[in-house]
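From first to last, the protein sequence lines are chains A and B. For the first sequence, this note's numbering assigns the number 27 to the initial residue and increments by one for each residue that follows. For the second sequence, this note's numbering assigns the number 152 to the initial residue and increments by one for each residue that follows. Positions of the beta carbon are idealized from the N, C-alpha and C atoms, including for glycine.
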Amino acid sequence: MNTIPLLELNNVVAGYGKKDIINEISIRINQGEIVTLLGSNAVGKSTILKTILSQTCLKSGEIKYNGIDISNLATYKIARLGISVVPEGRGIFANLTTKENLLAGAYLLKSKQEIEKNLNRVYSVFPILKERANQLAESLSGGEQEMLVIGRSLMSKPNLILLDEPSSGLAPKLVELVGKIIKEINNEGISILLIEQNAKLALGISDYGYLIRKGEVVLEGNCKDLIKNEKIKEIYLGIM
Amino acid sequence: MNYFIQQVLNALGWGSIIALLAVGYTMTFGVIGLVNFAYGEVFMIGAFAAYFAVTVLNLPFWVGILTSLIGAIVIGLTIERTAFKPVRGSGMITLFITSLGASIIVRNLSIMFFDDNLKNFKVPKFYSGVYLFGDIIILKKNILILLITITFCIMLVYLVKNTKLGIAMRGISYDSKISETLGVNTERIIIITFIIASFFGGIAGILWGILFGSIRASMGAIPVVDAFIASVIGGVGNVFGAIVSGYILAIGSSLFIAYLPSELVGLKPLFIWVVFFIILIFKPSGLFRANIK
């Protein structure tokens, strides 16, 4: 490929303090793609995401966004480049109302009209959030909170969204809905890095996937091929 | 009944000072989890800056107000940069002890340079005088102090509730890491928070001068405990709660001694502590909803 990938991690080694959690990770996301990182608990998937956001200690390697090195940028500056996040375990602001949470997501936007427009767009994707607009976020159900966080990540008109286990702890029906919404967001041209344990969901909607184990990429490929892969079938999908 | 109303009215000036300082406490606590015991010194420096401008240099009163606010903000930010920033993230206890240390240093340096005698705080004439309603006396300065306080408090509540900056502040108070991922420069918001808190400290310093007509280097130690308790009772992190609790405490303690035999006047501080303990036992999160987790 001769185009510059949207996001590119080259041989990244990172961790917390002295301990390395991820080792020599290389990942590419092209504009308009959904890329998924698969793997079970505690293999370093979330650490990869936090490393992209400069929230871990980067030891070596480089992280490029649109060809520009972002590995030493502060988190808030990375956000300003158009990368938004749906953090693990519902990173809502419990002390703010639903609407205020969404407005917090639009912190970087200057124009009132644009904020209003994005707000209405989020409300049209998640009508329940409009109903709950003036309720404190902590009073929302788990599924509603997940929608709120996804909605908040859309408020800044991002170019790339990093999603950390959006399906965790949700009822099967909601998992399906979340998958559908991720696909819809992607159809609007927003690229997505999806971290998931639910391989069935992730492989179903993604273009390209990486299998992570013990902080390393052990397998990668187009999702169409990965679904057929024996190893993945056995471990992550059960018998299909 | 008139006696009761009179006592309430008398307490409004003092209540305003407590309310302003409680707001300052609650802001820094809400945003970085700091119980800032050096805040009393910000308030004291604010009062001294005005004193030097107006009483010593004989400048107009508005210049005094300006120097007071600037003085308070400069000392507030200096303490933040030198004392709190290096230990931020190492826990509330460390921050708390650091603030005590900063307070002792600033207070004692001030006592060293300015001694601790009462200094006459010159106030424009129109601040003195009274209104009479039947046999109820209202001090003009109490009304003025109340109006100034309410005005600034309404502005702050609006700012915290309805502006982008306010939402960012409350967001940081819940989780600064998530705020960063939304593009919020938390460092900048923390500095703005300290500027606002110091601004309120400066205002309180001037109002103290107007209310009592004199200031001293150790004055910072007196209202901060009341203000701290007011901020706890108001639900730390809750600006509106801090304001209301400030007035409740001041009016309450004024009524408390008003109905006690005169030889027990020394028990005034008892009221606040009793209220404090009752609140801590029955409703430890404060009377109002706390903004922080």
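Below 9 Å on C-beta distance, what does residue i contact in chain A?
i: B/G322; result: F119, N121, L122, E126, N127, A130, Y133
Using a Cβ-Cβ distance cut-off of 7 Å, determine whether residue i contacts chain B.
i: A/Y42; result: no
i: A/A105; result: yes
i: A/V112; result: no
i: A/M266; result: Residue placement at A/M266 is flagged as unreliable, the pLDDT there being 40, under the threshold of 50; a coordinate-derived value is accordingly withheld.
Using a cut-off of 7 Å between C-beta atoms, extract the partners of residue i located in chain A.
i: B/V335; result: Y102, Y133
i: B/K315; result: Y133
What residues from chain B crowd round residue i, counting only those whose CB sits closer than 9 Å?
i: A/Q81; result: K328, E331, T332
i: A/S182; result: L333, G334
With a threshold of 16 other CB atoms inside 10 Å of the CB of residue i, please say whether the residue is buried or exposed.
i: B/L172; result: buried
i: B/R367; result: buried
i: B/A234; result: buried
i: B/N187; result: buried
i: A/G195; result: exposed
i: B/Y282; result: exposed
i: B/V350; result: Note that residue 350 of chain B corresponds to Phe in the displayed sequence, not to Val. Buried, by the Cβ-count rule.
i: A/Q139; result: exposed
i: B/K444; result: Confidence at B/K444 is low in this model, with a pLDDT of 36, below 50, so the placement of that residue should be treated as unreliable; the coordinate-derived value is given next. That one is exposed.
i: A/Y236; result: buried
i: A/I265; result: Note on A/I265: pLDDT 44, under 50, position unreliable in the model; the coordinate value appears next. Classification of A/I265: exposed, given that the 10 Å Cβ count is below 16.
i: A/P184; result: buried
i: A/S150; result: exposed
i: A/A197; result: exposed
i: A/L227; result: buried
i: B/I168; result: buried
i: A/A68; result: exposed
Can you name the residues of chain A whose CB is closer than 8 Å to the CB of residue i?
i: B/I318; result: L122, E126, L129, A130, Y133
Does any residue of chain A have a CB that is nearer than 7 Å to the CB of residue i?
i: B/Y190; result: no
i: B/Y202; result: no
i: B/Y325; result: yes
Could you pull the DSSP bridge partners for residue i from this structure?
i: A/D95; result: A/K90
i: A/N248; result: A/Y234
i: A/V38; result: A/I51
i: A/T29; result: Answer is none; A/T29 lacks a bridge partner.
i: B/F284; result: B/I287
i: A/E222; result: A/L64
i: A/V112; result: A/L189
i: B/K270; result: B/I366
i: A/E242; result: A/R239
i: A/T123; result: A/L162
i: A/C83; result: A/G41
List the whole-angstrom C-beta distance separating residue i from residue j, where the pair is believed to meet the contact cut-off of C-beta under 8 Å.
i: B/G334; j: B/S254; result: Going by Cβ atoms, the distance from B/G334 to B/S254 rounds to 35 Å, so no, they are not a contact pair.
i: B/V174; j: B/L307; result: 6 Å
i: A/Q267; j: A/T123; result: An answer regarding residue 267 of chain A cannot be provided, because it is not within the stretch 27 to 266 covered by chain A.
i: A/G215; j: A/G58; result: 6 Å
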